[in-house]
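Visitor: Okay, here's the structure, questions in a sec.
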Amino acid sequence: MSLSLLLLCAVLLVVYLPPALVLAWVDGREQRLPNHWVALLTGAVGLALALLALAVPALRPGMSTAALLALVLGLGAIVVALLAPPLLGMGDAKTFPVVVLMSAALGGEVLIAALLGIAVVGGVIGMLVLGVTRRAGVRFALGPVLLAGPFLGLLGAPLVRAALGMG
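In the working numbering, each residue carries its 1-based index in the sequence shown increased by 1049.
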């Protein structure tokens, strides 16, 4: 494992994980992602990754790409939340950019695996909720699944690499 990847994993575990756990717990209990915790998570991860990019010049191109992807996909998520609130809550949409930022910072294959993992796990939970309640339109907390994205991405990255013929 390279030093850069070790440093990025340190950011994931030390900076991202603690507030993500709080957010997942709150969303699981109250089905809301408090703005101040989302802002804390986003600011802390953004600052940590920016400082890391300053300290390790080789990471700068990847960090620039991760930041751009987080911005573009985050804006897309907010548009979806505004136009179709039953599909995506605004708290989830505001949390999505930091999930993309952290996942993309870890690598393109991690981001792809993270997005696929969120979709699959979220879909399975949605089917379970539908099966248990036997009612369409029942909402469930997506935040914990969304916040697990970077970890799902790390788990699924070898599969993405293999599927893309990268290893």
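Even glycine gets a Cβ: it sits at the ideal position worked out from N, Cα and C.
Can you tell which of A1073, V1071, L1054, T1144 has the C-alpha that lies nearest to the C-alpha of A1102?
Guide: Your numbering for residue 1102 matches position 53 in the sequence shown. Checking every option, the nearest Cα to that of A1102 belongs to L1054.
Visitor: In chain order, what residues of the same chain have a beta carbon less than 6 Å from the beta carbon of R1081, not counting five sequence neighbours either side?
Guide: By one-based count along the sequence shown, residue 1081 stands at place 32. So the qualifying residues of the chain are G1140.
Visitor: Are G1077 and P1193 close, meaning C-beta to C-beta below 9 Å?
Guide: The residue given as residue 1077 occupies position 28 in the sequence shown. The residue given as residue 1193 occupies position 144 in the sequence shown. In this structure, P1193 lies closer than 9 Å to G1077 by Cβ.
Visitor: When the distance is taken between beta carbons, is A1142 closer than 9 Å to S1152?
Guide: The residue labelled residue 1152 in the question sits at position 103 within the sequence shown. The residue labelled residue 1142 in the question sits at position 93 within the sequence shown. The answer is no: Cβ separation not under 9 Å.
Visitor: Rounding to the nearest angstrom, what Cα-Cα distance links L1208 and V1169 in this structure?
Guide: Looking up residue 1208 in the sequence shown gives position 159. Looking up residue 1169 in the sequence shown gives position 120. Their backbone Cα atoms lie some 14 Å apart in a straight line.
Visitor: Measure the Cβ-Cβ separation of G1138 and L1213 and say whether it is below 9 Å.
Guide: Numbered from its first residue, the sequence shown carries residue 1138 at position 89. Numbered from its first residue, the sequence shown carries residue 1213 at position 164. No, the pair does not count as a contact, with Cβ atoms beyond the cut-off.
Visitor: Over what stretch of residues does the alpha helix (DSSP H) that includes G1175 continue unbroken?
Guide: One-based indexing of the sequence shown puts residue 1175 at position 126. Segment 1157–1182, the alpha helix (DSSP H) holding G1175.
Visitor: For the segment 1058–1073 against the segment 1089–1098, do three or more pairs of beta-carbon atoms, one drawn from each stretch, fall closer than 8 Å, so that the two count as touching?
Guide: As far as the Cβ criterion goes, the segment 1058–1073 touches the segment 1089–1098, which means the pair count is three or higher.
Visitor: For L1155, I'd like the list of residues in its chain whose CB is within less than 6 Å of its CB, leaving aside the five on either flank, ordered along the chain.
Guide: As a working mapping, residue 1155 is identified with position 106 in the sequence shown. Result list for L1155: L1057, in chain order.
Visitor: Starting from G1192 and walking both ways along the alpha helix (DSSP H), at which residues does that stretch end?
Guide: In the sequence shown, the residue the question calls residue 1192 occupies position 143. Note, G1192: alpha helix (DSSP H), 1192–1196.
Visitor: Hey, would you say L1195 sits closer than 9 Å to T1144, going by beta carbons?
Guide: Locating residue 1195 in the sequence shown gives position 146, counting from the first residue. Locating residue 1144 in the sequence shown gives position 95, counting from the first residue. Yes, Cβ-Cβ distance for L1195 and T1144 is below 9 Å.
Visitor: Below 8 Å CB to CB, which residues in the same chain sit around L1090 once its five sequence neighbours on both sides are set aside?
Guide: What you label residue 1090 is simply residue 41 of the sequence shown in a count that begins at 1. Excluding sequence neighbours, L1090 sits near Y1065, P1068, A1069, L1072, T1144, V1147.
Visitor: Starting from the C-beta of P1188, find all residues in its chain whose C-beta is less than 7 Å away, skip the five residues before and the five after it, and write them out in chain order.
Guide: In the sequence shown, the residue the question calls residue 1188 occupies position 139. Looking at the sequence provided, one finds Arg at residue 1188 rather than Pro. Result list for R1188: Q1080, in chain order.
Visitor: Using the beta-carbon count (16 or more within 10 Å), is G1180 buried or exposed?
Guide: Here residue 1180 corresponds to residue number 131 of the sequence shown, with the count starting at 1. Flag for G1180 reads exposed.
Visitor: Note down, in chain order, each residue of its chain lying with its Cβ closer than 7 Å to the Cβ of L1165, except the 5 sequence neighbours on either side.
Guide: As a first step, residue 1165 is located in the sequence shown; it is residue number 116 there, counting from the start. Taken in chain order, the residues that qualify are G1205.
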